[in-house]
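Participant: So that we are looking at the same thing, I have put the structure below in structure tokens.
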Amino acid sequence: MPPSMTEEARAQAFQQQQQEFVEKPAGEVQQAKASSDKPWLEAKKRQRADLKVRWMFLGSALLGVAAVVAMMVVTALNTMKDKHNYCLVLEDHFDQGKINTDVWSHEQQTGGWGTGEFEWTTDSANNSFVRNNQLYIVPTLTSDMTGEAAIADGYSLNLTDSGACTSANKSDFYCAVRSNASTGIILPPVQSARLTTKISGKTIRFGKVEVTARMPTGDWIWPAVWMMPSKEVYGPWPASGEIDIFEGKGNPSRSRQDDLSSRMTSTMHWAPLPALDRYALTNGHLNLFQNLWNQKMHTFGLEWTPKKLVTWQRTRAYEVFSYKFGTDFWTKGNFPSSLENGTTLENPWTKSNGANIVDVAPFDQDFYLILSVAVGSTNGWFQDSDSPDGKPWSDQSKNPQRDFWSARDQWLPTWPTKVEDRAMVIDSVKIWQQC
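Under our numbering, residues 850 to 1284 are what the sequence shown spells out, in order.
The structure is reproduced here in structure tokens:
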């Protein structure tokens, strides 16, 4: 009892306890007496309760394991059901000591690649090279080549005049720029590389792809393993489709809640016009548990048949994204019959427009592989929340590249000085055609 209780209060409490004891039925008194006289009975009750809890925990764990096993069995059965014969198109382990130009070609532009990226893609050995039987794709600062002053003023870059521009459109927007302090136009502040199998003809229409790689580290770095159509049969992007096997972000995780460096995204892009892209209906994500894509090599895969398109990591049993063909994409997209200005919107994926399989188009044509490391963008891929300091540019800014470059003291310290950590390092690439 509390020390402040008086003697009188203690006496009253004692009398109340005695009265309660007297008023208890004899059975309850005997039961209480028996329990107090036989403490081992209470111990047995506790043992039974503990055993029950253990069995409940074990049962829950077994149910969880059973669910995982069932999922893997279903995936394996689906894999067996979708099994096809495949013919090897490409297997590159980068063991020739240099990039095999019979397979890979560099795409060189300065115009942002339609997503507002900030890099100038080059064929420089600073940005792509083979070392120790591995392909490196590395972002570097343009100022390392030109000097910092040239980024902001007085430097002319013209890939068309030099013959390096690989864009079908040779206009200045895609392949030329002159830095000018008066107008605020700067050179692309970063150089990087984009390698493809397009020119070599290492393309597939239904098949498999496996790329084993380790991803880069650094704020606003955007690594990707993806595919584009060899010909724009149904029209310009995204009417002819796009398949993203892996896309990630280099932004380092700063807490357990961050999933930036551990998140993989796979996507199919498709629509009659860019503004109507329905990628949100066809994408999937995977977050590694207590691991990051930049810590070791991972295998990223695609299996693509006339019935289904699946991406995975590690093995086919670990699906990231799965899409079953069956509904034509015009119907699935629920596109309007006309635009706001009254222009009629027509279905591009019809037999008369060249579709081989209407329910699969535009993903019924040849696609080629791309390995790229971009930096920045204005298409919404990067969010303000991707860094505790916020994104140092606005997607709606008049000059987002300049804003990004001006904030280099903020993001550059997150870029490792070691090339091995800043690069996407590819160990092998394998491509099969369904045959």
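All C-beta atoms in this analysis are idealised placements derived from N, C-alpha and C, irrespective of residue type, glycine included. Since the model is a prediction, treat every value here as computed from it, not as a measurement.
Straight-line CA distance for Ile1280 to Asp1002?
Facilitator: In the sequence shown, counting from the first residue as 1, residue 1280 sits at position 431. In the sequence shown, counting from the first residue as 1, residue 1002 sits at position 153. Their Cα atoms are separated by approximately 45 Å.
Participant: Assess contact between the region 1038-1045 and the region 1215-1226, defined as three or more Cβ pairs (one per stretch) separated by less than 8 Å. Is contact present?
Facilitator: Yes, they touch.
Participant: Can you give me the C-alpha to C-alpha distance between Ala1025 and Thr1032, rounded to a whole angstrom?
Facilitator: As a working mapping, residue 1025 is identified with position 176 in the sequence shown. As a working mapping, residue 1032 is identified with position 183 in the sequence shown. Cα to Cα, the separation comes out at about 16 Å.
Participant: Using the DSSP secondary-structure output, state which residues sit across from Tyr935 in a beta bridge.
Facilitator: Position 86 of the sequence shown, counting from 1, holds the residue named residue 935. Answer is Gln1283.
Participant: Would you say Ser1005 reaches chain C, if we count a Cβ-Cβ gap shorter than 9 Å as a contact?
Facilitator: The structure shown contains no chain C, having only a single protein chain.
Participant: Would you tell me roughly how many angstroms separate the C-alpha atoms of Trp969 and Met905, rounded to the nearest one?
Facilitator: Here residue 969 is taken as the residue at index 120 of the sequence shown, counted from 1. Here residue 905 is taken as the residue at index 56 of the sequence shown, counted from 1. Roughly 59 Å separates the two Cα atoms.
Participant: Any contact between the region 940-952 and the region 964-979? By contact I mean 3 or more CB pairs, one from each, below 8 Å.
Facilitator: Touching, yes.
Participant: With distances taken between CB atoms, is the gap from Arg1027 to Ser992 smaller than 9 Å?
Facilitator: By 1-based counting over the sequence shown, the position of residue 1027 is 178. By 1-based counting over the sequence shown, the position of residue 992 is 143. Not in contact: Arg1027 and Ser992 (Cβ atoms no closer than 9 Å).
Participant: What is the DSSP secondary structure of Asn1205, counted as helix, strand or coil?
Facilitator: In the sequence shown, the residue the question calls residue 1205 occupies position 356. Coil, per DSSP.
Participant: Should Gly1056 and Tyr935 be called a contact, given that it needs their Cβ atoms to be closer than 9 Å?
Facilitator: For the purposes of this step, residue 1056 is identified with residue 207 of the sequence shown, where counting begins at 1. For the purposes of this step, residue 935 is identified with residue 86 of the sequence shown, where counting begins at 1. Taking 9 Å as the Cβ cut-off, Gly1056 and Tyr935 qualify as a contacting pair.
Participant: Within its chain, find whatever has a CB closer than 7 Å to the CB of Leu1261; leave out the 5 residues flanking it on each side and keep chain order.
Facilitator: As a position in the sequence shown, residue 1261 is number 412, starting the count at 1. Hits under 7 Å: none found.
Participant: Of all the beta strand (DSSP E) runs that stay within the bounds of the region 1015-1085, which reach a length of 3 or more residues?
Facilitator: The qualifying runs are 1025-1027, 1039-1041, 1043-1045, 1056-1063, 1070-1078.
Participant: Give a yes or no on whether the C-beta atoms belonging to Val1082 and Ala1272 are separated by under 9 Å.
Facilitator: By one-based count along the sequence shown, residue 1082 stands at place 233. By one-based count along the sequence shown, residue 1272 stands at place 423. For Val1082 and Ala1272, no; Cβs fall outside 9 Å.
Participant: Give the single residue among Ser1234, Lys1181, Thr1193 whose Cα lies nearest to the Cα of Asp1208.
Facilitator: Working through the sequence shown from its first residue, we reach residue 1208 at position 359. When each option's Cα is compared against that of Asp1208, the closest is Lys1181.
Participant: Work out the CA separation of Pro1121 and Ser1186 for me, nearest whole Å.
Facilitator: Numbered from its first residue, the sequence shown carries residue 1186 at position 337. Numbered from its first residue, the sequence shown carries residue 1121 at position 272. C-alpha separation (whole angstroms): 11 Å.
Participant: Can you grab the Cα-Cα spacing for the pair Ala1129 / Trp962, in whole Å?
Facilitator: Sequence index remark: in the sequence shown, residue 1129 carries index 280 (1-based). Sequence index remark: in the sequence shown, residue 962 carries index 113 (1-based). Straight-line Cα distance between these residues: approximately 21 Å.
Participant: Start and end of the beta strand (DSSP E) containing Lys1181?
Facilitator: As a position in the sequence shown, residue 1181 is number 332, starting the count at 1. Counting along the chain, Lys1181 falls outside any beta strand (DSSP E), though it belongs to the alpha helix (DSSP H) covering 1178-1182.
Participant: Can you find the residues in the same chain that come closer than 8 Å, C-beta to C-beta, to Ser1243, ignoring five residues on each side of it along the sequence?
Facilitator: As a working note, residue 1243 is residue 394 in the sequence shown. The residues are Pro1249, Asp1252.
Participant: Closer than 7 Å by C-beta to Asp1233: which residues in its own chain qualify, once you throw out the five before and the five after it? Chain order, please.
Facilitator: Here residue 1233 refers to the residue found at position 384 when the sequence shown is read from its first residue. Closer than 7 Å at the Cβ level, and outside the excluded window around Asp1233, lie Gly1239, Lys1240.
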